[in-house]
Amino acid sequence: MITVGITGGIGSGKTTIAKYFSSEFGIPVYYADTEAKALMNTEALRKPIKELLGEAAYVEEKLDRKYVASKVFNDRDLLEQLNQIVHPAVGEHFKKWISQQDAPYILKEAAILFENGTASALDYIILITAPKKLRIQRVLERDDSTVEDIENRMNKQWDDVKKIPLADFIIENIELDNSKLQAKNIHRQILRDRVNT
């Protein structure tokens, strides 16, 4: 099974492009960030997260994401410790998920594939890029973040300049129809490579 990562900074539109691969080509997508949130609400992760961040990390056994974000986003060490709890669990869950798929390849959608070192375990990486101003505008339209919040989150992620040389494919996601054409070409390329290997 060919594994393809799809990543990009906040507001780049990586989820939109991943959904297009799924709806247009029938490619299964593993949404790592969504699965991580779900796993953080399981008994296995609740205990170590409470030990790290305190009982207030959960309200009625559900992760209090605002509280957790307020604790970890300004404390690199704490964020790293939280990642050491969550990332291995996501990795195991991903392996199990792959074993249940039947497709020419799968996509793993995640915001920080390069930053957390999981990109190296995948066969290809698709990087979704967009100008910073447009990314901020998209995030402002979809949730109640402030520009300052968004820029803080952007600063926790690698800059595109650092990611571009590490990616196999790049989709500049400014205009959706154009991005879909780029996605189609990448899909064909991966299928061709699969036949030739």
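Numbering (the UniProt record's numbering), first residue to last: 1 to 197.
From the three backbone atoms N, C-alpha and C, an ideal C-beta is built for every residue, glycine too.
All values derive from a computational prediction rather than experimental measurement.
Rounded C-alpha distance that separates residue i from residue j
i: residue 25; j: residue 103; result: 10 Å
i: residue 53; j: residue 160; result: 31 Å
i: residue 130; j: residue 83; result: 26 Å
i: residue 51; j: residue 78; result: 12 Å
i: residue 65; j: residue 147; result: 19 Å
i: residue 184; j: residue 134; result: 23 Å
i: residue 173; j: residue 179; result: 5 Å
i: residue 155; j: residue 149; result: 10 Å
i: residue 181; j: residue 110; result: 22 Å
i: residue 70; j: residue 76; result: 12 Å
i: residue 97; j: residue 32; result: 11 Å
i: residue 188; j: residue 166; result: 21 Å
i: residue 42; j: residue 95; result: 18 Å
i: residue 47; j: residue 80; result: 17 Å
i: residue 196; j: residue 121; result: 21 Å
i: residue 145; j: residue 162; result: 25 Å
Rounded distance between the beta-carbons of residue j and residue i, thought under 8 Å
i: residue 58; j: residue 107; result: Rounded, the Cβ-Cβ distance is 31 Å, inconsistent with contact.
i: residue 105; j: residue 194; result: 7 Å
i: residue 190; j: residue 2; result: 6 Å
Residues near residue i in its chain [Cβ-Cβ closer than 6 Å; skip 5 each side]
i: residue 36; result: 86 and 90
i: residue 118; result: none
i: residue 4; result: 105, 107 and 124
i: residue 28; result: 101, 103 and 106
Close Cβ partners of residue i (< 8 Å) along its chain, the five nearest in sequence each way excluded
i: residue 39; result: 45, 86, 89, 90 and 93
i: residue 56; result: 64 and 67
i: residue 186; result: 126, 169 and 171
i: residue 73; result: 79, 152, 153 and 156
Other residues of its chain near residue i: CB distance less than 7 Å, five sequence neighbours each side excluded
i: residue 17; result: 6, 128, 171, 173, 179 and 183
i: residue 116; result: 83 and 87
i: residue 112; result: 157
Does the count of Cβ pairs from the segment 5 to 25 and the segment 124 to 131 closer than 8 Å reach three? yes
Determine, using beta-carbon pairs with one atom in the segment 136 to 156 and one in the segment 10 to 18, whether at least three such pairs fall under 8 Å. yes
Can you check the segment 30 to 107 for any alpha helix (DSSP H) of at least 4 residues that lies completely inside it and give the ranges in chain order? 32 to 39, 43 to 53, 65 to 72 and 76 to 99
Uninterrupted beta strand (DSSP E) stretches inside the segment 133 to 181 (no shorter than 3 residues): 169 to 172
Ordered list of beta strand (DSSP E) runs contained in the segment 9 to 33, each at least 3 residues: Listed in chain order, the complete beta strand (DSSP E) runs (minimum 3 residues) inside the segment 9 to 33 are 29 to 31.
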